[in-house]
Amino acid sequence: MAETITTSPEAVKLTVKDFQTDQDVRWCPGCGDYSILAQVQRVMPEFSHKKEDLVTISGIGCSSRFPYYMNTFGLHSIHGRAPAFATGVKIANPKLQVWVATGDGDGLSIGGNHIIHLLRRNVSVKVLLFNNEIYGLTKGQYSPTSRMGQVTKSTPAGSIDNPFVPVSLALGAGATFVARTMDRDPKHLQEIVRKAEAHRGTAFIEIYQNCNVFNDGAFFPFTEKDTRDDNVVYLEHEKPLLFGKKKQNGIRLNGFTPEAVSLEDGKFSASDLLVHDQNDSTLAFILANMIHNPTLPRPMGIFLEQSRPLYEEEVVNQIAKVKSKKGEGDLQALLDGDENWVIQ
Amino acid sequence: MAKSLQTLDEVTIRFVGDSGDGMQLTGTQFTNTAALVGNDLSTLPDFPAEIRAPAGTTYGVSGFQIHFGSQDILTPGDTCDVLVAMNPAALITNIKLLKSGGIIIANTDAFTEKNLRMAGYSANPLEDDSLSGYNLQKVGITKLTANALVDMNLSTKVIDKCKNFFALGLMYWMYNRPLDQSIRFIEAKFGKREPQLAEANLRVLKAGYNYGDTTEIFTTRYEVKPAKLPPGKYRNIMGNTATAIGLVAAAKKAELPLFLGTYPITPASDILHELSRLKNYDVKTFQAEDEIAAVCSAIGASYAGNLAVTTTSGPGMALKTEAIGLAVMLELPLVIVDVQRGGPSTGLPTKTEQADLLQAVHGRNSEAPLCVVAAATPADCFDAAYEASRLAIKFMTPVICLTDGYLANGAEPWKIPTVEELKEIPVSFAKDPEGFHPYSRDEKTLARPWAIPGTPGLEHRIGGIEKENITGNISYDPDNHDLMVRLRAEKIERIAADIPLQTVHGPEEGDVLVLGWGGTFGSIRSAVNRAQASGLAVAHAHLRYVNPFPRNLGEILYKYKKVLIPEINTGQLLKLIRAKYLVPAVGYDAVKGLPLRAEDIEQRIQDMIGGKNG
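Residue numbers (the numbering used here), protein chains in the order written: chain A, 336 to 679; chain B, 464 to 1077.
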């Protein structure tokens, strides 16, 4: 674990416990949310900012109870709007560290409009999107990430909605940090949270999260130990895409199309494989599209990280620029206006 | 030929033309000059929602009415003395507003066969005797403009764009106004960047003025002396500008940054435009992706310790409803400015209305009380916005500030306050973790502490789920919910102890009390003044505070035999007053997208009393 740094006056080392609240956690037993909460609480003490500068914001849904369990400043807002609240908080006070917890319904359905605009503006907010491909809190209706044909309470004959691919949506919206991870791989989840925290700008993390009540096992091929190696390819910057128990398989590009190849039959070697470049947005789109080919493993990790000006910093810069040109605003001069007259 | 000079107490001029004819600019210029020569005034811009409707059509007509005088001017005028009509469509749609015997300045060049047909005239009204009841002045404004620019090698399009300044110059001559304010305006607008346009506009303005001076058509010019306003420094101000600087003033007095989260909507957008230019006053404007994000970002900014505002109009209010309910639950300061327009739905975007009152007071799910204040005149938008901010901070509550399309775009002279005169707005953020509870309350106001992120030891969670009293923890306890519902209501009621008593203009008891709120102030005051002058025992009370009502309002209502409530809706304040005070008040309404006519209100008062001498 990285060195624990704190700058609060007492210079007390923060621990996991400092981020836990006295509130009973009210998620269903066995829910993937527990792991996400635990991993976030575990890495929080590593970060250099003060605890009082942390703000956790959410909308509505199971995932959105998250702030109640984080012993930071927290705002449990209304359905889908967390990114808008977060933007207001960041503009009002850019030094605050703002985390948003959202779900596939909250973030991509009712709040779809807000998440895309948060991402395009590059406000430094870290978004944890808990994707369980179902509506949990309203008890089992299909969500915008539910699969075609999925039978749910509101789709007894199967869903006819084409689902969103959250990673593709984020890339399309112009996000500067896009990653995918899962509740059942604590180490990977922690690492992605660390990287997201270090990113300057909006960080979008899709987290595969098991809803053991309404959509149990939706991600088991990717998350369970015995199948994960064959079905997941971990993206590592500047490293070839390898997967399989013994890393015996890889991904190569055939034109613009990724394909899975074996390194064991002598046809391909490691040098033929696609090498990940997390700064390449074109590649990020190609990797995001792998989800549409069932013969390919599911990429996990950072799809894209790019550098762009921070929205909240630009707000501050513009104010500073205008002040340096016009000087600090004088209220009486504003009231007086450009043209006035005096009646004796 | 010698021209006679006649002194008038007041005049109403209405400039009307195509949407592209620059009538709003012409009217605004005439207004600014009238203000600077010291007249009292009131304006009514009256334009369509379409940006540039096809030329010559009746639905493309844009108008600007200014009522100015040497006495107290309260309304833009029910009717006008002068109608400047730039084309037949403008004439046919506005002639009904011209007083009998009033002056028509008609641009003869635009009265072509095609334009006459588009306006619906079967014959040219300038050539038959259909306008014989008026003082018709035919001026070839387009040709005279072209003549003034003949050596400048300008396109017909550019020349055409200058003709409104000919009309302006002519009106300046007719009402003995100086040109210098408009000259400064032209130089500032075009001066350096487009010197040729500056030259063209200046020439045309002067040509219009000189035309009045030299032509034999005009034999009389008029003088309107400065108004006897109370001593002080004045400026001319429009409602939206007043709202914007009222918010800035409140933020400065509170020593907080101002945050505006908003989404463009007519007729509120000018508040955003105004505030976005004031960055050196620590103003942050955020044009959000939609109305919902606009209000949510403002709540976020308030949570983080800024004076947070969202501005909108009726349809935007509807979209913000859920978030405003959250602000009620979070008990955070938030100012919501609703510049009301005609509705429902998209309604009449550029026209005025007062029909969002019940939406403001009651329009949220469940019991969600908040404070509602309303502006009475364009300049009063400053005070309303300032007071809304003060109350929001003091009582930790959302406050809705109601203005309307007429106030937003209307203008009047404003006696400028000094910074020192403005009420103090003290802010105290919670600092001490010892015994801190997010939902503990101030004994007097019931306000909860404003505990902003970044304060060590005050980490806490708030949200839309019902709070346990004091701790703010989630609570589904039935008795706690009942208690919290009542506490939230009681807090808003206690605002009544903080606001001034209601005042009355006129006798303290009598036959009729005319009770109003918002932008109808001028029309009602005008009507009441006339009724009083005719000897009637009539008084006017105008509400700044619509929720809660001033604590003496009930007492006032019972002192008059009858209560009349004029509104630009079908009786919304009427419902609130009847429900709360059980008085048999009656309403007067006209929901036309226009200010109420003073004459109509006066008639209603007369009818209630039963004839002039009651």
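Ideal placement from N, C-alpha and C gives every residue a C-beta, glycine not left out. As the structure is a prediction and not an experimental result, all values here were calculated from the model.
Spatially closest choice to residue i from the options, by CA coordinates
| i | options | result |
| --- | --- | --- |
| THR475 (chain B) | B:ASP541, B:PRO517 and B:ASP535 | B:ASP541 |
| GLY805 (chain B) | B:LEU793, B:VAL798, B:ILE799 and B:ALA818 | B:ALA818 |
| GLN405 (chain B) | B:ASP801, B:PHE681, B:ALA586 and B:LEU1045 | Because chain B spans 464 through 1077 in this model, residue 405 (chain B) falls outside it and cannot be assessed. |
| ALA553 (chain B) | B:GLY564, B:ASP535 and B:GLN528 | B:GLN528 |
| VAL524 (chain B) | B:PHE478, B:ILE762 and B:VAL746 | B:PHE478 |
| GLU594 (chain A) | A:PRO521, A:VAL568 and A:ASP520 | A:VAL568 |
| GLY981 (chain B) | B:GLN803, B:SER808, B:ALA512 and B:LEU1045 | B:GLN803 |
| VAL746 (chain B) | A:ALA427, A:VAL528, A:GLY367 and A:ASN457 | A:ALA427 |
| ASP472 (chain B) | B:LYS688, B:ASP753 and B:THR908 | B:LYS688 |
| THR473 (chain A) | A:HIS414, A:GLY493, A:GLU526 and A:LEU524 | A:HIS414 |
| PRO720 (chain B) | B:ASN769, B:MET701, B:ALA990 and B:GLY927 | B:ASN769 |
| GLU649 (chain A) | A:PHE620, A:ILE469 and A:ASN457 | A:ASN457 |
Inter-residue CB distance, residue i and residue j (contact presumed, cutoff 8 Å)
| i | j | result |
| --- | --- | --- |
| LEU1020 (chain B) | LEU976 (chain B) | 7 Å |
| MET637 (chain B) | TYR685 (chain B) | 6 Å |
| THR706 (chain B) | GLN667 (chain A) | Actually they are not in contact, since the Cβ atoms of THR706 (chain B) and GLN667 (chain A) sit about 19 Å apart, beyond 8 Å. |
| ASN545 (chain A) | ASN467 (chain A) | 7 Å |
| ALA994 (chain B) | GLU1065 (chain B) | 6 Å |
| VAL303 (chain A) | TYR726 (chain B) | Residue 303 (chain A) lies beyond the stretch modelled for chain A, which goes from 336 to 679, so this question has no answer here. |
| LEU811 (chain B) | GLY1056 (chain B) | 5 Å |
| ILE863 (chain B) | ILE962 (chain B) | Between ILE962 (chain B) and ILE863 (chain B) the Cβ distance is about 15 Å, and since that is not below 8 Å, they are no contact. |
Chain-order list of residues whose beta-carbon lies under 7 Å from that of residue i (same chain, five-residue window excluded)
| i | result |
| --- | --- |
| ARG904 (chain B) | ALA910 and ARG911 |
| THR339 (chain A) | No answer about THR339 (chain A) holds up, because its pLDDT of 46 lies below 50 and its placement is not dependable. |
| CYS759 (chain B) | ALA786 |
| PHE401 (chain A) | LEU372, THR391, SER393 and ALA436 |
| LYS1075 (chain B) | At LYS1075 (chain B) the pLDDT is 43, less than 50, meaning the model places this residue with poor confidence and gives no usable figure here. |
| LYS579 (chain A) | Correcting the residue identity first, residue 579 (chain A) is Gly in this sequence and not Lys. Here the set comprises ASP564 and ASP565. |
| ALA1000 (chain B) | PRO970, GLY973 and ASP974 |
| ASN614 (chain A) | GLU640 and GLN641 |
Chain A residues whose Cβ lies nearer than 7 Å to that of residue i
| i | result |
| --- | --- |
| LYS742 (chain B) | GLN653, ILE654 and VAL657 |
| GLU922 (chain B) | LYS386, GLU387, ASN406, THR407 and PHE408 |
| LYS655 (chain B) | The premise fails here: LYS655 (chain B) is roughly 17 Å from chain A at the closest Cβ pair, so nothing lies under 7 Å. |
| CYS785 (chain B) | Strictly speaking, residue 785 (chain B) in this sequence is Glu, with Cys absent from that position. Going along chain A in sequence order, the residues near GLU785 (chain B) (Cβ under 7 Å) are ILE413. |
Partners in chain B for residue i, counting only beta-carbon separations shorter than 8 Å
| i | result |
| --- | --- |
| ASN457 (chain A) | Correct list: empty, because the minimum Cβ distance to chain B is about 14 Å. |
6 Å CB neighbourhood of residue i in its chain, flanking five on each side removed
| i | result |
| --- | --- |
| ASP671 (chain A) | none |
| LEU577 (chain A) | GLY585 |
| LYS461 (chain A) | TRP434, ALA531 and ALA538 |
| PHE892 (chain B) | TRP913 and ILE915 |
| SER482 (chain B) | ARG515, ALA516, GLY523 and SER525 |
| ALA757 (chain B) | GLY724, THR725, TYR726, ALA751 and THR773 |
| ARG1060 (chain B) | ASP541 |
| GLY438 (chain A) | GLY396, SER398 and PHE465 |
| ALA497 (chain B) | LEU504 and PHE531 |
| GLY636 (chain A) | TYR569 and LEU570 |
Contacts of residue i in chain B (Cβ-Cβ under 9 Å)
| i | result |
| --- | --- |
| ASP388 (chain A) | PRO916 and GLY917 |
| ASN448 (chain A) | GLU752, ASP753, ILE755 and ALA756 |
| VAL677 (chain A) | PRO694, GLY695, LYS696 and TYR697 |
| GLU674 (chain A) | ASN495, ALA498, LEU499, GLN644, ARG647, ARG698 and ASN699 |
| ILE426 (chain A) | PHE722, GLY724, LYS747, PHE749, SER760, GLY763, ALA764, ALA767 and ASN769 |
Residue i: contacting residues in chain A (beta-carbon distance under 8 Å)
| i | result |
| --- | --- |
| VAL882 (chain B) | LEU666, GLN667 and LEU670 |
| LYS1083 (chain B) | The structure shown does not extend to residue 1083 (chain B), since chain B is modelled only from 464 through 1077, so no value can be given for it. |
Cβ neighbours of residue i in the same chain (closer than 8 Å, five flanking residues each side left out)
| i | result |
| --- | --- |
| ASP607 (chain A) | GLY585, ARG587 and VAL596 |
| LYS660 (chain A) | none |
Minimum Cβ-Cβ distance from residue i to chain D less than 9 Å
| i | result |
| --- | --- |
| PHE420 (chain A) | Among the protein chains of the structure shown, namely A and B, there is no chain D. |
Chain B residues whose Cβ lies nearer than 7 Å to that of residue i
| i | result |
| --- | --- |
| GLU663 (chain A) | ASN743 |
| LEU431 (chain A) | ALA767, PRO916 and GLY917 |
| request: Please determine if the stretch 433 to 442 of chain A and the stretch 769 to 788 of chain B are in contact, where contact requires at least 3 C-beta pairs separated by less than 8 Å. | output: Touching, no.
| task | Could you tell me whether the stretch 873 to 889 of chain B touches the stretch 999 to 1007 of chain B, using the rule of 3 or more Cβ pairs below 8 Å? | result | With a cut-off of 8 Å, the stretch 999 to 1007 of chain B and the stretch 873 to 889 of chain B do not count as touching, because too few Cβ pairs lie within range.
| Does the pairing of the stretch 812 to 827 of chain B with the stretch 661 to 676 of chain B give three or more beta-carbon distances under 8 Å? | Contact annotation: the stretch 812 to 827 of chain B does not touch the stretch 661 to 676 of chain B, with fewer than three C-beta pairs closer than 8 Å.
| query | Quick one: any contact between the stretch 939 to 956 of chain B and the stretch 408 to 420 of chain A, if contact means 3 or more CB pairs under 8 Å? | reply | Not touching, per the Cβ criterion.
| query | Three or more beta-carbon pairs under 8 Å between the stretch 497 to 511 of chain A and the stretch 526 to 543 of chain A, yes or no? | reply | As far as the Cβ criterion goes, the stretch 497 to 511 of chain A touches the stretch 526 to 543 of chain A, which means the pair count is three or higher.
| task | Would you check if the stretch 627 to 635 of chain A and the stretch 387 to 407 of chain A touch, i.e. whether three or more CB-CB distances between them fall below 8 Å? | result | No, they do not touch.
| query | Does the stretch 1047 to 1067 of chain B come within contact of the stretch 1028 to 1035 of chain B, defined as at least 3 CB pairs closer than 8 Å? | reply | In this structure the stretch 1047 to 1067 of chain B touches the stretch 1028 to 1035 of chain B; the number of beta carbon pairs closer than 8 Å is three or more.
| request: Specify whether the stretch 566 to 580 of chain B and the stretch 1021 to 1031 of chain B touch according to this definition: at least 3 beta carbon pairs, one from each stretch, less than 8 Å apart. | output: The answer is no - the stretch 1021 to 1031 of chain B does not touch the stretch 566 to 580 of chain B, with fewer than three Cβ pairs under 8 Å.
| said: Count Cβ pairs between the stretch 864 to 881 of chain B and the stretch 843 to 852 of chain B that sit closer than 8 Å; are there 3 or more? | reply: The stretch 843 to 852 of chain B and the stretch 864 to 881 of chain B touch, with three or more beta-carbon pairs separated by less than 8 Å.
| message | Does the structure place the stretch 555 to 563 of chain A close enough to the stretch 488 to 508 of chain A that three or more beta carbon pairs sit under 8 Å? | response | With contact defined as three or more Cβ pairs closer than 8 Å, the stretch 488 to 508 of chain A and the stretch 555 to 563 of chain A are not in contact.
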